[in-house]
Amino acid sequence: MMENKTTNILIVGVGGQGVLLASELLSETAMQAGFDVKKSEVHGMSQRGGVVTSHIKYARKVYSPIIPYGQTDILISFEQAEALRAVDWLKKEGLAVVSRTRLVPPIATGKKFHYPDDPVADLKKRFGRVIDIDADAIARELGDSRLVNTLLLGVVSKSLEFELSLWETVIRSLVKAKFVDINLKAFARGRELSGNGKK
Amino acid sequence: MRRLLSGNEAVARGAYEARVRLAAGYPGTPSTEILETVAKEHRSIYSQWSPNEKVAFEVGIGASLGGGRALVTMKHVGLNVAADPFMTFAYTGVNAGFVVISADDPEMHSSQNEQDNRFFAKFAQIPFLEPSDSQESKDFTIKAFELSEKFDTPVMLRMTTRISHSKGIVEEGEPVTLPESGFKRDMQKYVMIPSNAKKRHVVVTERLEKLKRFSEETDLNVIENNGSSIGIITGGIAYQYAKDVIPEADYFKIGFGFPLPIEKIRKFVATHKTNLIIEELEPYYEEQLRAAGINVDGKKYFSRLGELSPYRVAQGLKEAGVIEDVRGAEIPPEELFPRPPILCPGCPHRGAFMALKKLGVAVTGDIGCYTLSVLPPLEMMDTCICMGASIGNAIGMEKVRGHKRGVVAVIGDSTFLHSGITGLLDAVYNKSNVTVIILDNRVTAMTGGQQHPATGHTLMGEKTREVNFVELAKALGVESVREVDPYDYDGLLKVIKEEIERPGPSVVITNRACVLMPKRIMDKPYVVISEECNGCSACFRIGCPAIMPSKELTKHNQPKAIIDPVLCTGCSLCAQVCQPEAIVLAPEPAGVK
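From first to last, the protein sequence lines stand for chains A and B.
Each residue of the first sequence is one higher than the last, beginning at 1 in this note's numbering.
Each residue of the second sequence is one higher than the last, beginning at 1001 in this note's numbering.
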């Protein structure tokens, strides 16, 4: 019943933003849905405000834990310029879900390097399916800036084949008990937002 | 039960199922999570962080000889530290099983070199196993203990970053049943005075012959026959990349990597028209196969630098004429500003490097978070070689350059305890005029906040004695030992300056805890009063991620500064360097929990 088509999802952001929890929730959901799953990320120095990327692949059978260039079906970016950094991995017809968060590192405050003026606009020039949302502001409205995680996953969940109830089960099992309700709320809000920006 | 586990978590699970009694190590990316998982999930195993890898290895030897299976974990460069007991333990052999993890870091995601430790196993003439995913990480750990006891040898399990930190599905099993074993006195075997060691070297050589026969038979080395004329010899993560790119080829997948199954590979090669070796980093298989007269290409097509990837494997296969297309788009890399890792907002190390920059001295550095001070905008570290090297480097530099030109060694608390103590002892003994700054942030911060002998807690969460750095430095013979608050910029500057000018070795200890540990410390954030900011950029130059350029410009077209209230910890260093006094405490906590 399951064909061996691989779904590749790339999550990018900056150290400390919560990329790793989002990828944890997603890969756990894929496993519980019956797929073989692999997930790859790099820890260590990159946690200190550097670039963080997490590759997630699921299929009937997965070999390499790394997504090849140009093969990402869905890109989730926690920071707008980081989405631009990841474009080599995205399929032309892939979907990009981008938080409009803008984090300018100290290195880009000097003369040599510049933070792009409007990364989301650049991205839209190159890819048809870009959903950009002000995830930080919405998360704060919902009560906690750390909800960006589940909010973005909610947006993406509409484009994936997993049942809503499975997502909810995984969120309940992996998120700390006292944050479960608020995360489910953020996830539901994300699902509402998934309509914006599509062709 | 099926669970998604990282390679490291799977090794920990394997240790549990193999009924390991003791696990020891020193934190080092990418190996750290193995012991963290053991301490968290597998409490039947006694686990501990040791001050360094050599000690951890020796603790593991003691456990093995005492009759309990022992797991010792470290990163690739950690094995250099433990090399002394490692090489000799290969001679004595084990009592209960002993497995050492070498977690190598191809691509140097968090390391100072990318040495290929497969050569280390060959050097010591002990077997190594190399898993290619999480399931194998668990299975091979268990297998490694069996082989250790069967062949009376320490066994290396060689991990790499991509295996350690990738997650895959693991089928969990039940712990094995082991016969009781205890310590058996055997001086001829365990006391390596030359007369005994000579006899043991003979045993090592004989053992190697047995291992060669085993390697030819074991199912750890797998042939996958798909009826192809292309034969790929590979192992570890490279196997997975190759399977993605060319699934239809025949495979010789090496899981037992020393000694190699030369004859089995010879036969495999003979039955294929085209054969290629795909291995990450050094031509380890290739050299041995060529030495055995099997002329197969490998590094001709696959770089010995950095990590492989599906793309790089595809490129190599295309060059070799095995595939026609490199699947995956070839897009020129995007020209984007770099985002290097950086000292955290409120990091207590920042003040020390601001002061050193002001003083313009040479700074010998070490391994830890503070190594990030080499990057812009601080750019205040001149050497970084290995754990503990900063003090020795400073001693040598001062001897040839002279005291007046100023040399300061910087070293973290965990690194100082790892291998800085002996360096400081050298400075005292050999009358060096160096200043050593111990950047004490109360935790092994770089690897995610592990305990060490000065934190007051063990890995398993028990309270313990804390090392007192002031008393320790004095006991080593340092006459001038001073503690300073790194958030007091002027005070810190004054103390460092005085200590540099003072003849003889001196130690300055900075005394603020890591902002991330034990949990994020939040104070009132600072804000920029926009009307007062003159765009001088002094605050940008301290390299704090919480300070960013605003879109608002001064009349000279300079961007004014803004501070992200969520990131700012209230350390106040930016306010201390702001001449127009435009940076002040926020009137009330904004968005801070």
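We put the CB at the ideal spot given by N, CA and C, even for glycine.
Quick caveat, the model's predicted, so the values are computed rather than measured.
Give me the chain B residues within the contact set of A:K38, using Cβ-Cβ distance strictly less than 8 Å, ordered along the chain. Start at 1 with the first residue of the first sequence, and residue 38 of chain A comes out as number 38. The answer, in chain order, is D1133, S1166, K1167, G1168.
Interface flag, B:R1350 vs chain A, CB-CB below 7 Å: In the second sequence, counting from the first residue as 1, residue 1350 of chain B sits at position 350. With a threshold of 7 Å between beta carbons, B:R1350 makes no contact with chain A.
Is there contact here, the segment 1350-1358 of chain B with the segment 1490-1507 of chain B, by at least three beta-carbon pairs under 8 Å? yes
Start-to-end residues for the alpha helix (DSSP H) that takes in B:T1205: Counting from one through the second sequence, the residue named residue 1205 of chain B turns up at place 205. It spans 1194-1217 - the alpha helix (DSSP H) in which B:T1205 sits, taken as one unbroken run.
Can you give the Cα-Cα distance for A:G50 and B:K1189, rounded to whole angstroms? Counted from its first residue, the first sequence places residue 50 of chain A at position 50. Counted from its first residue, the second sequence places residue 1189 of chain B at position 189. So the alpha carbons of these two residues sit roughly 50 Å apart.
Taking any Cβ of chain B, which residues in the segment 74-86 of chain A have a Cβ under 8 Å from it, in chain order? A81, E82, L84, R85
Measure the alpha-carbon distance for A:I171 versus B:K1138 and round it to whole angstroms. Walking along the first sequence from the start, residue 171 of chain A turns up at place 171. Walking along the second sequence from the start, residue 1138 of chain B turns up at place 138. Taking the straight line joining both Cα atoms gives about 27 Å.
Anything in chain B within Cβ reach of A:S99, meaning under 9 Å, just list it in chain order. Taking the first residue of the first sequence as position 1, residue 99 of chain A is located at position 99. Within chain B, no residue comes near A:S99; the closest Cβ sits about 14 Å away, beyond 9 Å.
For B:I1233, name the three-state secondary structure that DSSP assigns. Locating residue 1233 of chain B in the second sequence gives position 233, counting from the first residue. In this structure, B:I1233 counts as strand in the three-state DSSP scheme.
So which residues on chain B does A:I182 lean against when the C-beta distance must stay under 8 Å? Position 182 of the first sequence, counting from 1, holds the residue named residue 182 of chain A. Ordered by position in chain B, no residue passes the 8 Å Cβ test against A:I182, which lies about 13 Å from the chain.
7 Å CB neighbourhood of B:A1329 in its chain, flanking five on each side removed: On the second sequence, residue 1329 of chain B is found 329 positions in, with the first residue counted as 1. Reliability of the predicted coordinates at B:A1329 is poor, the pLDDT of 49 falling under 50, and the value obtained from them is presented with this limitation in mind. Within the same chain, no residue comes within 7 Å of B:A1329 by CB-CB distance, once the 5 residues on both sides are set aside.
Check the Cβ of B:F1057 against every Cβ in chain A and list those closer than 9 Å, keeping chain order. Looking up residue 1057 of chain B in the second sequence gives position 57. Here the premise fails: no neighbours, minimum Cβ distance about 22 Å.
Under 7 Å, Cβ to Cβ, is there at least one residue of chain B near A:Y63? One-based indexing of the first sequence puts residue 63 of chain A at position 63. Yes, A:Y63 lies at the interface with chain B (some Cβ there is under 7 Å from its Cβ).
Quick check on DSSP: helix, strand or coil for B:M1001? Position 1 of the second sequence holds residue 1001 of chain B. Note: B:M1001 maps to coil in three-state DSSP.
Same chain, Cβ closer than 8 Å to A:A108, five either side skipped, listed in chain order: The residue given as residue 108 of chain A occupies position 108 in the first sequence. Excluding residues within five positions, the ones whose Cβ falls inside 8 Å are H114, Y115.
Between which two residues does the beta strand (DSSP E) carrying A:D88 extend? As a position in the first sequence, residue 88 of chain A is number 88, starting the count at 1. A:D88 -> no beta strand (DSSP E), and no H or E assigned at all.
Would you say A:R60 faces chain B, with C-beta separation under 7 Å as the test? Residue numbering aside, residue 60 of chain A sits at position 60 when the first sequence is read from its first letter. No, no contact with chain B.
With the cut-off set at 7 Å, would you say B:V1155 and B:P1127 are in Cβ contact? As a working note, residue 1155 of chain B is residue 155 in the second sequence. As a working note, residue 1127 of chain B is residue 127 in the second sequence. Against a cut-off of 7 Å, the Cβ pair of B:P1127 and B:V1155 comes out as a contact.
Can you list, in chain order, the residues of the segment 103-116 of chain A whose Cβ is nearer than 8 Å to any Cβ on chain B? L103, V104, P105, P106, I107, A108, T109, G110, F113, H114, Y115, P116
What in chain A is Cβ-close to B:D1244, meaning under 8 Å? For the purposes of this step, residue 1244 of chain B is taken as the residue at position 244 of the second sequence. By Cβ distance, chain A contributes Y63, S64, P68.
Going by beta-carbon coordinates alone, are B:P1545 and B:L1281 separated by less than 7 Å? For the purposes of this step, residue 1545 of chain B is identified with residue 545 of the second sequence, where counting begins at 1. For the purposes of this step, residue 1281 of chain B is identified with residue 281 of the second sequence, where counting begins at 1. No, Cβ-Cβ distance for B:P1545 and B:L1281 is not below 7 Å.
Any 3 or more C-beta pairs closer than 8 Å across the segment 1267-1281 of chain B and the segment 1298-1315 of chain B: yes
Checking 7 Å against the spacing of the C-beta atoms, do B:P1525 and B:A1586 come in under that value? The residue you call residue 1525 of chain B lines up with position 525 of the second sequence. The residue you call residue 1586 of chain B lines up with position 586 of the second sequence. Contact flag set, yes.
By Cβ distance, which residues of its chain are closer than 7 Å to B:K1555, with the 5 residues on each side in sequence left out? In the second sequence, residue 1555 of chain B corresponds to position 555, counting from 1. Excluding residues within five positions, none has a Cβ falling inside 7 Å.
Chain A residues whose Cβ lies nearer than 8 Å to that of B:R1162: On the second sequence, position 162 is the one that residue 1162 of chain B refers to. Those within 8 Å of B:R1162 in chain A are S40, P65, I66.
Separation of A:E28 from A:K178, as counted between CA atoms: In the first sequence, residue 178 of chain A corresponds to position 178, counting from 1. In the first sequence, residue 28 of chain A corresponds to position 28, counting from 1. Their Cα atoms are separated by approximately 20 Å.
Do B:N1534 and B:P1580 have their CB atoms nearer than 7 Å? The residue given as residue 1534 of chain B occupies position 534 in the second sequence. The residue given as residue 1580 of chain B occupies position 580 in the second sequence. Taking 7 Å as the Cβ cut-off, B:N1534 and B:P1580 qualify as a contacting pair.
Spatially closest choice to B:Q1240 from B:S1134, B:P1194, B:I1547, B:A1320, by CA coordinates: Here residue 1240 of chain B is taken as the residue at index 240 of the second sequence, counted from 1. When only C-alpha atoms are compared, the closest one is B:S1134.
Report buried or exposed for B:G1236, applying the criterion of at least 16 other Cβ atoms within 10 angstroms of its Cβ. Here the question's residue 1236 of chain B lines up with position 236 in the second sequence. So B:G1236 ends up on the buried side.
B:G1449 lies in the beta strand (DSSP E); which residues open and close that run? The residue you call residue 1449 of chain B lines up with position 449 of the second sequence. First-last for B:G1449: undefined, no H or E at that position.
Proximity of B:V1407 and B:A1362 at Cβ, strictly below 7 Å: As a working mapping, residue 1407 of chain B is identified with position 407 in the second sequence. As a working mapping, residue 1362 of chain B is identified with position 362 in the second sequence. Yes. Within cutoff.
B:P1338 to B:G1392 span [Cα, whole Å]: On the second sequence, residue 1338 of chain B is found 338 positions in, with the first residue counted as 1. On the second sequence, residue 1392 of chain B is found 392 positions in, with the first residue counted as 1. Each residue's Cα considered, the two are about 33 Å apart.
Restricting to Cα atoms, I'd like to know which of B:K1040, B:G1346, B:L1317 is closest to B:D1488. Stepping through the second sequence from its first residue, residue 1488 of chain B is reached at position 488. Of the listed residues, the one whose Cα sits closest to B:D1488 is B:G1346.
In this structure, how does DSSP classify B:M1381 when only helix, strand and coil are distinguished? Counting from 1 along the second sequence, the entry for residue 1381 of chain B is found at position 381. Looking at B:M1381 - three-state DSSP - the assignment turns out to be coil, as it is neither helix nor strand.
If you follow the alpha helix (DSSP H) that B:N1008 is part of, which residue opens it and which one closes it? For the purposes of this step, residue 1008 of chain B is taken as residue 8 along the second sequence, with counting starting at 1. Per DSSP, B:N1008 is one residue of the alpha helix (DSSP H) stretching across 1007-1017.
I need the boundaries of the alpha helix (DSSP H) containing B:I1061, first residue and last residue. Here residue 1061 of chain B refers to the residue found at position 61 when the second sequence is read from its first residue. It spans 1053-1066 - the alpha helix (DSSP H) in which B:I1061 sits, taken as one unbroken run.
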